[in-house]
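Protein sequence lines correspond, in order, to chains D and A. If you read the first sequence in numbering that gives the first Met the number 0, its first letter stands for residue 0, the second for the next number, and so on. If you read the second sequence in numbering that gives the first Met the number 0, its first letter stands for residue 0, the second for the next number, and so on. Ideal Cβ positions, reconstructed from N, Cα and C, are used throughout, including at glycine. Since the model is a prediction, treat every value here as computed from it, not as a measurement. Scroll down for the structure; my scribbles are underneath it.
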Amino acid sequence: MRATCWIDKRTVRVEQVPEPKILNQRDAIVRITSTAICGSDLHLYNGLVPTVKRGDILGHEFMGEVMEVGSGVKNLKAGDRVVVPFPIACGACGLCQKALFSLCENSNPNAWMAEKVWGYSPAGIFGYSHMLGGFPGGQSEYARVPFADVGPLKIPAHIPDEKVLFLSDIFPTGYMGADNCNIQPGDVIAVWGCGPVGQFAIKSAFLLGAERVIAIDRFPYRLRMARERAGAEVINYEEVDVHDALKELTGGRGPDACIDAVGMEGHAPGLIGAYDRVKQATGLETDRAHALRQAIMACRNGGTVSVIGVYAGFIDKFPFGSVMNRSLTIKTGQAHVQRYMKPLLERVEKGEIDPSFVITHRLPLDQAPRGYDMFLNKEDDCVKVVLTP
Amino acid sequence: MATHGTDPDRDRWLPVRGRATDAQRLAGGLGWFSIGLGVAGLAAPRLLARLIGAPDRGKTPAVLRAVGVREIASGLGILSQPRPAGLVWARVAGDVMDLALLTSALGSRRARPGRIVAAAAAVAGVTALDALTARQLSRQDGATVAPSREHAVTVRKVITINAPREQLYRFWRDFTNLPRFMRRLESVETMGERRSRWRARGPGGMVVEWEAEVVDDKPNELIAWRSLPGSRLSHAGVVRFTPAPRGRGTEVAVEMAYTPPGGTLGARMAKLVGQAPEQELQEDLRRFKPLMEAGDIVVSEGVLYGVARPAR
């Protein structure tokens with residue numbers, strides 16, 4: 000089969016590889032009908048996530064048709080159409096039972112690697128480095144899905160792929176970002192980053208009752224999407240001072256909650272941006288956290304900072320004094336996708352949201368390298384690339 | 000609130016790490032003392048010789064340098080080993096050697112008997128302290144895994160499993176199940192209620208077999224076992240099942256000790272070729288957990304084939 004493989008920093012290639020087999024009794028093999036490139040795949044692409052190896056298959060957003068199930072899978076059968084959540088979760092351990100699926104204690108066979116970096120290990124993730132399991136990803140023709148009786152969500156035949164594909168990651172991720180803000184009537188929410196996850200965070204904040212959402216980015220086409228498609232007010236951080244603008248837009252209070260949908264590769268103008276770039280390039284810090292710093296400083300007293308952008312390791316100049324002295328709450332995590340899939344599918348079915356609004360490019364799988372490149376370089380107003388095997 | 004150690008059983012099987020006992024603190028002091036003495040012997044052997052009343056030329060400086068090297072090695076060993084009982088015993092042997100050297104120095108023409116006797120008295124004092132410390136450390140080591148046996152390797156790990164302890168106890172008590180999650184074990188056959196025959200792969204693919212017997216068995220609480228005398232591999236283990244607070248399942252604490260064929264040296268060699276026993280036990284428990292919770296141990300292509308893609 001063909002699969003998108005990581006070759007080197009900024010090089011992916013679609014290669015011929017053997018087809019996956021059932022390895023565990025709770026596995027399923029899925030023939031992929033739609034898959035997507037995630038913003039977090041760009042961190043792999045840029046070589047910023049450790050333990051990615053030459054030849055690893057990438058991709059953690061995918062859906063398709065069940066071809067085969069292991070003896071332990073009773074709720075799925077060949078022919079079922081499913082969306083697969085990106086965290087792999089057993090459903091039985093203590094944390095799965097608390098619905099903290101991205102922290103499953105049984106799905107990362109390389110947990111010891113993650114423990115070295117993070118203290119404890121989160122769940123395994125498809126196509127996202129060896130320290131998160133060494134599982135092949137879904138930017139390919141077929142994928143093996145462990146714990147298939149827990150993760151995959153069956154999709155009725157009448158809903159097209161494009162409306163449900165993003166239940167695998169970015170819609171629940173954006174939704175959890177808003178959910179973690181504990182939004183109250185009247186709340187104003189600020190969202191850093193108008194990539195696909197940021198767009199869903201904006202939409203979700205409205206779905207959860209936010210009064211207003213203010214979105215921050217620097218690409219006019221992304222800000223336009225945030226304003227026209229997601230309904231946000233927008234700030235271009237290259238044109239105005241974000242802190243002052245947010246203060247002014249909120250009557251001097253600051254946003255009630257701030258969502259960081261940027262993560263470890265934040266851009267910043269001026270000295271602090273150069274500082275982060277040099278330190279990241281020389282390995283003195285792993286993450287450029289400009290958006291997070293700004294979100295913390297901007298949040299109102301006693302507010303919540305919700306982090307859904309991916310961070311890998313260590314950041315410098317973290318304004319923890321601001322967090323402590325102003326009673327801020329930080330909530331974060333890889334999305335517990337399995338918790339959100341079903342209710343969000345219902346919202347899609349009811350027509351409350353059509354997640355396909357973020358798609359700007361549809362490419363055949365073979366053009367995955369071009370997809371990575373244009374997504375990274377924001378060419379052709381790229382927001383979201385969907386690949387079809 | 001209960002504090003660690005109020006449960007006598009818990010203390011017996013799982014002494015809390017990180018809380019140094021008097022003997023451990025004393026061993027630390029002795030380690031630093033060794034290093035200090037060693038550095039003095041190496042750097043200024045003549046001065047040291049004069050101090051203890053031995054001749055400051057001839058063979059003495061060379062002997063003192065050698066003693067210095069020994070002291071530094073023993074000091075570093077004691078400070079770096081989690082269980083330094085053996086090394087402290089080695090110090091006792093070194094002390095006896097030093098006393099012999101001092102006695103022989105008395106025969107030299109240039110010796111100053113007064114100083115030598117004073118030095119010997121000091122060494123005798125240190126010997127007594129070393130012996131006392133070594134005895135206490137050995138006792139503590141022996142108490143952690145079933146009775147009084149010195150093993151080359153002792154490891155402890157604990158994991159929480161979301162399952163009732165009755166189930167975990169039952170699974171473990173049937174030793175034939177252990178190879179399902181302990182990667183070194185090839186097979187365990189049971190021979191009656193308490194006896195079993197174990198077969199394991201050692202470093203380099205070497206196969207070791209031994210017989211073991213259950214030495215303690217409290218249903219749903221703990222199982223302790225030990226290899227029979229005369230086995231090629233001397234081994235003891237205990238697993239303890241304790242309810243975790245408020246429906247969090249069961250805390251499974253495992254302690255294992257063994258002396259592989261080749262004794263302490265064999266254990267060192269195994270460590271050198273990358274077999275870290277602590278990590279092994281941790282990984283085995285990490286396989287036990289999904290087997291009990293999820294009915295299977297998930298594998299990934301990355302682990303199986305080295306790269307995250309299927310292989311033919």
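Item                                                                                                                         : Value
The region 171-190 of chain D / the region 213-225 of chain D touching (three or more Cβ pairs under 8 Å)                    : yes
Within the region 81-158 of chain D, ranges of the beta strand (DSSP E) (whole runs, at least 3 residues)                    : 141-144
Beta-carbon proximity check, D/Val163 vs D/Ala27, cutoff 7 Å                                                                 : no
Neighbourhood of A/Gln281 by C-beta, 7 Å cutoff - its chain only, sequence neighbours within 5 removed                       : Lys156
Residues from the region 10-24 of chain D in contact with chain A, defined by Cβ distance under 9 Å                          : Glu14, Val16, Pro17, Glu18, Pro19, Lys20, Leu22, Asn23, Gln24
7 Å Cβ cut-off: residues of chain D touching A/Asp21                                                                         : The contacting residues do not exist; A/Asp21 stays about 32 Å from chain D at best.
Proximity test, Cβ basis, 7 Å: A/Arg308 and chain D                                                                          : yes
Per-residue contacts from D/Ala2 into chain A (C-beta, under 7 Å)                                                            : Arg308
Contained alpha helix (DSSP H) runs [length at least 4] in the region 100-166 of chain A, N- to C-terminal order             : 112-143
Cβ-Cβ separation, D/Val83 to D/Ser139 (assumed contact under 8 Å), whole Å                                                   : D/Ser139 to D/Val83, Cβ: 12 Å. No contact.
Beta-carbon separation (whole angstroms), A/Ile115 vs A/Leu98, contact threshold 8 Å                                         : About 11 Å; that fails the 8 Å criterion.
Interface partners of A/Arg285 on chain D, CB under 7 Å                                                                      : Ala110
Listed by chain order, chain D residues near A/Ser161 by CB distance under 8 Å                                               : Note that residue 161 of chain A is Asn in the sequence shown here, rather than Ser. The contacting residues are Ala91, Cys92, Gly93, Gln96.
Near-chain A residues of the region 44-75 of chain D (beta-carbon distance less than 8 Å), N- to C-terminal order            : Lys52, Arg53, Gly54, Asp55, Ile56, Gly71
Paired residues, beta bridge with D/Ile258 - DSSP                                                                            : D/Val190, D/Ser305
Where D/Arg331 sits in the DSSP three-state scheme                                                                           : Before going on, a small fix: residue 331 of chain D reads as Thr here, not Arg. D/Thr331: strand per DSSP, three-state reduction.
Three or more C-beta pairs below 8 Å linking the region 277-292 of chain A and the region 193-207 of chain A                 : no
Neighbouring residues, chain D, relative to A/Arg183 (Cβ below 8 Å)                                                          : In chain order: nothing, as chain D lies at least about 17 Å away.
Residue-chain proximity (D/Ser167, chain A), Cβ-Cβ < 7 Å                                                                     : no
The region 101-121 of chain D touching the region 34-45 of chain D, judged by at least three CB pairs closer than 8 Å        : no
Cβ contact check for the region 57-77 of chain A and the region 25-34 of chain A: 3 or more pairs under 8 Å                  : yes
Neighbouring residues, chain A, relative to D/Phe134 (Cβ below 8 Å)                                                          : Ser299, Glu300, Gly301, Ala307
Local Cβ density within 10 Å of D/Leu270, reported as buried at 16 or more and exposed below that                            : exposed
Beta-carbon proximity check, D/Gly173 vs D/Ala209, cutoff 7 Å                                                                : no
Sheet register partners of A/Tyr257 (DSSP bridge)                                                                            : A/Val152, A/His234
Nearest-angstrom Cβ-Cβ length linking D/Val306 and D/Thr331, presumed shorter than 8 Å                                       : 4 Å
Closer than 7 Å at the beta carbon, the chain A residues around D/Pro342                                                     : Ordered by position in chain A, no residue passes the 7 Å Cβ test against D/Pro342, which lies about 25 Å from the chain.
Residue closest to D/Pro49, alpha-carbon to alpha-carbon, out of D/Ala88, D/Phe313, D/Asn324                                 : D/Phe313
Residues of its chain near D/Asn416, where Cβ-Cβ distance is below 7 Å and the 5 sequence neighbours each way are ignored    : Here chain D covers residues 0 to 388 and nothing more, so residue 416 of chain D does not appear.
Cβ neighbour criterion (16 or more within 10 Å) applied to A/Leu46                                                           : exposed
Whole-angstrom C-beta distance between D/Arg30 and D/Tyr141, which should lie under 8 Å                                      : 6 Å
Limits of the alpha helix (DSSP H) - the one that A/Ala39 falls within                                                       : 21-42
Partners in chain D for A/Lys288, counting only beta-carbon separations shorter than 8 Å                                     : Cys92, Glu104, Asn105
Min CB distance D/His335 to chain A below 7 Å                                                                                : no
Touching by the beta-carbon criterion (3+ pairs, under 8 Å), the region 372-379 of chain D and the region 343-352 of chain D : no
Element boundaries [beta strand (DSSP E), containing D/Gly63]                                                                : 60-68
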